[in-house]
Amino acid sequence: MGDARIIRGAKAMNWVVWMGIVLVVLFGVAVYNSLVTLRARVNQAFADIDVQLKQRHDLIPNLIETVKGYVAHERDTLQAVVETRNAALKAQGPADQAAAENALSGALGRLVALGEAYPDLKASANFQQLQTDLADIEDKLAAARRFFNNGVAEYNAAIQHFPAVLFAGLLGFRPQAFFDVGETEREALEAPPKVAF
């Protein structure tokens, strides 16, 4: 009778151990799937930024050609835009793309500022439409960057939370870099818009 109780106790203990292992495995799978979902969301958000950047890059040659017709002697400004656009097209990853796009934003700012110096250019319907299109793309790009950076923040926090922190690195989950617009660009985005009539 004592032996039967020991065997029953051992079986019960065995069952508890197996249930514990199953629960740990299920919990691990749930955490892993959550991290995969967050990483996919970050990748999708980065792809959304890429779409907006491509639209911006495609708009730049039209803007340059329009400006060229009015201010042919502003060659340095036009060349700077072309060079920074080419560098931005070659950039890979959030950090490199952010740096390249910051340089491109500065060059574009100088190009658009030419509209203030040349009244004929400013009055051009084509130039005005391109400026409107560029402003629209910049707004969408800013929203895409916010969405991406929010996704990166959630993902980075998730891989640092317990228990994911125990195995996230082993499974290839590495912290992602934010798409930082840089201090100069941040100040320009935070400044109130200038309205001219």
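Sequential numbering from 350 applies to the sequence shown in our numbering.
Even for Gly, the Cβ is constructed at its ideal location relative to N, Cα and C.
Model, not experiment: these values are computed from the prediction.
{"Check": "Determine the closest residue to Thr415 out of Ala502, Gln480 and Phe476, with distance taken between C-alpha atoms.", "Outcome": "Phe476"}
{"Check": "What is the residue span of the alpha helix (DSSP H) that Tyr467 lies within?", "Outcome": "From DSSP, Tyr467 is part of no alpha helix (DSSP H); its letter is neither H nor E."}
{"Check": "Between Phe497 and the rest of its own chain, which residues show a CB-CB distance below 6 Å, the 5 nearest in sequence each way excluded?", "Outcome": "Ala394, Phe395, Ile398 and Phe528"}
{"Check": "I'd like the span of the alpha helix (DSSP H) that includes Met503, first residue to last.", "Outcome": "First, the residue type needs correcting, since residue 503 is Glu and not Met in the sequence shown. Taken as a continuous stretch (DSSP letters only), the alpha helix (DSSP H) holding Glu503 covers Ala474 to Gln509."}
{"Check": "Which of the three DSSP states is assigned to Gly369 in this structure?", "Outcome": "helix"}
{"Check": "Grouping DSSP H, G and I as helix and E and B as strand, with all else coil, what is Arg523?", "Outcome": "coil"}
{"Check": "Is the distance from the Cβ of Leu453 to the Cβ of Arg434 below 8 Å?", "Outcome": "yes"}
{"Check": "Along the chain, where does the alpha helix (DSSP H) containing Phe516 start, and where does it finish?", "Outcome": "Ala513 to Phe516"}
{"Check": "Using 8 Å for Cβ pairs, my map puts Phe522 next to Leu384. What's the rounded Cβ distance?", "Outcome": "5 Å"}
{"Check": "First and last residue of the alpha helix (DSSP H) that includes Gln428?", "Outcome": "Arg424 to Lys439"}
{"Check": "Considering only their Cβ atoms, is the gap separating Leu408 from Ile486 smaller than 8 Å?", "Outcome": "yes"}
{"Check": "Using C-beta distances below 7 Å, list every residue in its chain close to Lys417, excluding the 5 sequence neighbours before and after it, in chain order.", "Outcome": "Leu427"}
{"Check": "Buried or exposed: which applies to Gln509, given that a residue is buried once 16 or more other Cβ atoms fall within 10 Å of its Cβ?", "Outcome": "exposed"}
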